[in-house]
Amino acid sequence: MIIISLLSSPAVYISAASSLRPNVALLRRACATTASPDFCFNYLSKTPSVASASRRSLPALAAAITDTGLTYAKLMREYASNKAAAPETRAAAAGRPAAYAECARLLGDTATQLEIAAQMIEQIASAATAVDDASYSLMRSGDGVAACKQKLAAVKVEDRYVKVSSKHVEVYSVAADNILTDLKRNGKKVIH
């Protein structure tokens, strides 16, 4: 909790504190149909940009969740690239460097799909098809993550970092899509 003191005004303190509190009902709804609803809610409710966006508008919330997933996808891509080039990976069982290199490429595709979704979400106010296009890109973003996990499994690599980060990307893609589905169904952009 952030405490701001401007002439000891309680109004400023209350305003600052309430802006950090997420819209719990909305985040629970976003996470409800994900593979791990509690995991999704616990992480998203503690992400400042998501908590703040959950109080503004549905497009802002979808964008914040998508950006969070994009961050994980980019970190995973960088991690996989580094693992592919690492001497210990090259010295390990055959196929590992190639699997990590392919993972990096696939995660690049995932990041691209999430970037497209984020751009479409920004256009929601002006384009009727933006919700459908963003939703499609969000669902496609999971393809690269799933393929990456399959590539590593094929060479018998169990990588905890990839496993946990993949879960973040997959769960957040579904959560953002759930918000877009609400937006499309209700036609409301503002949260009351």
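Position 88, counted from 1, in the sequence shown is what the UniProt record's numbering calls 88; the numbers after and before it change by one each time, with no gaps. Yeah, the Cβ is synthetic: ideal placement off N, Cα and C, and Gly gets one too.
Practice problem: Please confirm whether residue 54 and residue 22 have their CB atoms less than 8 Å apart. | Solution: Along the sequence shown, one-based indexing puts residue 54 at 54. Along the sequence shown, one-based indexing puts residue 22 at 22. Yes, Cβ-Cβ distance for residue 54 and residue 22 is below 8 Å.
Self-check item: Entirely enclosed alpha helix (DSSP H) segments - the segment 112 to 166, minimum 4 residues
Solution: 130 to 154
Quiz prompt | Whole-number beta carbon distance between residue 115 and residue 70, since they are thought to touch under 8 Å | solution = Position 70 of the sequence shown holds residue 70. Position 115 of the sequence shown holds residue 115. Right, the Cβ-Cβ distance comes to about 6 Å (below 8 Å), so this counts as a contact.
Quiz item: Under the rule that 16 or more other beta-carbon atoms within 10 Å means buried, what is residue 83, buried or exposed?
Solution: Position 83 of the sequence shown, counted from the first residue, corresponds to residue 83. So residue 83 counts as buried.
Quiz prompt | 7 Å Cβ shell around residue 155 - same chain, five flanking residues per side excluded | solution = Here residue 155 corresponds to residue number 155 of the sequence shown, with the count starting at 1. Excluding residues within five positions, the ones whose Cβ falls inside 7 Å are 93, 95, 96 and 99.
Quiz item: DSSP three-state call for residue 81: helix, strand or coil?
Solution: Walking along the sequence shown from the start, residue 81 turns up at place 81. In this structure, residue 81 counts as helix in the three-state DSSP scheme.
Exercise. To the nearest angstrom, report how far apart residue 40 and residue 89 are at their CA atoms.
Key: One-based indexing of the sequence shown puts residue 40 at position 40. One-based indexing of the sequence shown puts residue 89 at position 89. Their backbone Cα atoms lie some 31 Å apart in a straight line.
Practice problem: Just the C-alpha distance for residue 86 and residue 79, rounded to the nearest angstrom, thanks. | Solution: As a first step, residue 86 is located in the sequence shown; it is residue number 86 there, counting from the start. As a first step, residue 79 is located in the sequence shown; it is residue number 79 there, counting from the start. Rounded to whole angstroms, residue 86 to residue 79 spans 10 Å at the Cα level.
Exercise. Label residue 24 either buried or exposed according to how many other C-beta atoms from any shown protein chain fall within 10 Å of its C-beta, with 16 as the threshold for buried.
Key: In the sequence shown, the residue the question calls residue 24 occupies position 24. When all chains shown are included, residue 24 counts as exposed.
Quiz item: When the Cα of residue 146 is compared with those of 107, 113, 60 and 174, which residue comes out closest?
Solution: Taking the sequence shown and counting its residues from 1, the one referred to as residue 146 is at position 146. Here the closest residue by C-alpha is 107.
Self-check item: residue 13, DSSP secondary structure in three states
Solution: Along the sequence shown, read from residue 1 onward, the residue named residue 13 stands at position 13. In this prediction, residue 13 has a pLDDT of 31, which is less than 50 and means its spatial position is unreliable; nothing more can be read from the coordinates.
Exercise. Spatial neighbours of residue 197 within its chain, please: CB distance less than 7 Å, with the 5 preceding and 5 following residues excluded, ordered by chain position.
Key: Because the chain here runs from 1 to 192, residue 197 falls outside it and cannot be looked at.
Quiz prompt | Simplified DSSP state of residue 36, which is helix, strand or coil | solution = As a position in the sequence shown, residue 36 is number 36, starting the count at 1. In the structure shown, residue 36 sits in coil (DSSP, three-state: anything other than H, G, I, E or B).
Exercise. Tell whether a beta-carbon distance below 8 Å holds between residue 111 and residue 134.
Key: Here residue 111 refers to the residue found at position 111 of the sequence shown. Here residue 134 refers to the residue found at position 134 of the sequence shown. No; because the gap between Cβ atoms is not below 8 Å, this pair is not in contact.
Quiz item: Quick one: what's got a C-beta closer than 8 Å to residue 35's C-beta in the same chain, skipping five residues either side?
Solution: What you label residue 35 is simply residue 35 of the sequence shown in a count that begins at 1. So the list reads 167, 170, 171 and 174, once near-sequence residues are dropped.
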